[in-house]
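See structure below.
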Amino acid sequence: MQFIILPLIFCLFGFGATESISVRANVHCAHNKNSKPIVTLMEHDFGDVPILSWFDSDDLLDETKVDYGEHFTLDGNEIEVFSTEPYLRIYHSCFGVDQESVLDLSQFEPSPEGVYHLGHIKIKTDGLAVTN
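Take 70 as the starting number for the sequence shown in the numbering used here and just add one per residue.
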């Protein structure tokens, strides 16, 4: 049975379409101008499904380290059978402790060219705030 299922899964990945994703924004670390967050553009696959994550974990599309308030651009391409599910993962030490914050991009509308213009991402103690 596993000899039938595995080839079918791999065939699905061969019939996907390439989608481009771009994110434009800047990051503000509340009360800590010396922090340099690392922002990664990720694409959600099966990272939270234990067995399927062995075959297709979340994809790292792009990554950058930013200074306080610095504008950044992240770009990536992904071949997907279904639609892409991009998100930002932000590693920071804004409050004296290394932390990770996640911003799901599905709550924002990209431009017709596939660009997410997010404006300002402010890292706060209770999460992330996005303002234009």
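Every residue, glycine too, gets a C-beta built ideally from N, C-alpha and C.
Exercise. Where in the region 95-164 do unbroken runs of the beta strand (DSSP E), each at least 3 residues long, occur, reported from the N-terminal end onward?
Worked result: Runs of the beta strand (DSSP E) inside the region 95-164: 107-112, 128-134, 140-149 and 155-161.
Exercise. At what residues does the beta strand (DSSP E) containing V199 begin and finish?
Worked result: G196 to T200 is the extent of the beta strand (DSSP E) around V199.
Exercise. Exposed or buried, P155, counting other C-beta atoms within 10 Å across all chains shown (16 or more means buried)?
Worked result: Looking at its Cβ environment, which holds 16 or more other Cβ atoms inside 10 Å, P155 is buried.
Problem set entry | Cut-off 6 Å between Cβ atoms - residues of its own chain near H140, not counting five sequence neighbours on either side | Counting only Cβ-Cβ distances below 6 Å, and skipping sequence neighbours, we find N95.
For this session: For my contact list, I90 and L130 are in at a C-beta cut-off of 8 Å; report their separation, rounded to the angstrom.
Result: So it is a contact: roughly 6 Å between Cβ atoms.
Exercise. By Cβ distance, which residues of its chain are closer than 6 Å to L144, with the 5 residues on each side in sequence left out?
Worked result: For the record, residue 144 in the displayed sequence is Asp; it is not Leu. These residues qualify, in order along the chain: S91 and D131.
For this session: Use the C-beta contact count for P106: other C-beta atoms within 10 angstroms, 16 or more gives buried, fewer gives exposed.
Result: With 16 or more Cβ atoms within 10 Å of its Cβ, P106 is classed as buried.
For this session: Could you have a look at S180 and say whether DSSP puts it in helix, strand or coil?
Result: Here S180 sits in coil by DSSP.
Problem set entry | Endpoints, the beta strand (DSSP E) within which S170 is located | That run of the beta strand (DSSP E) goes Q168 to D173.
Exercise. Are the CB atoms of E112 and T153 nearer to each other than 8 Å?
Worked result: Result yes, Cβ atoms of E112 and T153 sit closer than 8 Å.
Exercise. When burial is assigned at 16 or more other CB atoms within 10 Å of the CB, is I190 buried or exposed?
Worked result: Flag for I190 reads buried.
For this session: Output the distance between the C-alpha atoms of N146 and N201, rounded to the nearest integer angstrom.
Result: Those two C-alpha atoms are separated by around 25 Å.
Exercise. Can you tell me the Cα-Cα spacing of L110 and K102, whole angstroms?
Worked result: For L110 and K102, the distance between alpha carbons rounds to 22 Å.
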